[in-house]
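Here's the structure we're looking at; comments come further down.
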Amino acid sequence: MSDNLYKATIRYAGDEFFIGTTPSGHAQTMDAKSDRKSAPTPLEMLLVAVAACTAFDVVSILEKKRQQVSDYKVEIEGERRDEHPRAFTKFHIHHIVQGHNVSEQSVAQAIELSDTKYCSVAATVRPTAEITTSFEIIET
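So this is what it looks like as structure tokens:
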């Protein structure tokens, strides 16, 4: 199989539950009844995927820049259209970096590199959704 081709499967498990199997073989339950809240919906997984993709990049870049990060969190908000299909139209990603003497310039550069060069998920949604970012640094 080509490195550029990914294959996942989704199996119906009954009662509006589904089991997705990722290309790496990991199973993920999904719940079509969002009010039941027993598993994420595909839309929730997309929101998490956008945040996780940039988080992976930013942490890696900050480590390469030898920044002393003791904790890192990403908060994401997504705004959807009112009409169907209720696609996301905007994402706002807020990075919260804790550490000792963490450089504001390094964090800004890491976010910029992720946003413009490395994050495949952001690149996938960007043609139809605006992505904005912000960050804060908490000295520890």
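Note that the sequence shown covers residues 15 to 154 in our numbering.
Don't be surprised by glycine CBs; every beta carbon is placed ideally from N, CA and C.
Predicted model, so just to flag it, every value in this text is computed and none were measured.
{"Query": "Own chain partners of residue 69 with C-beta closer than 6 Å, once the 5 adjacent residues on each side are dropped", "Result": "88"}
{"Query": "Option in 81, 110 and 57 with minimal Cα separation from residue 100", "Result": "57"}
{"Query": "Stretch-stretch touch, CB-based, cutoff 8 Å, three pairs: the stretch 139-147 with the stretch 92-106", "Result": "yes"}
{"Query": "Three-state secondary structure assigned by DSSP to residue 43", "Result": "strand"}
{"Query": "Boundaries of the alpha helix (DSSP H) in which residue 208 is found, first to last residue", "Result": "Any property of residue 208 remains undetermined from this structure, which presents the chain solely from 15 to 154."}
{"Query": "C-beta atoms of residue 64 and residue 135 nearer than 8 Å", "Result": "yes"}
{"Query": "Extent of the continuous alpha helix (DSSP H) to which residue 120 belongs", "Result": "118-127"}
{"Query": "Per-residue DSSP class, three states only, for residue 85", "Result": "strand"}
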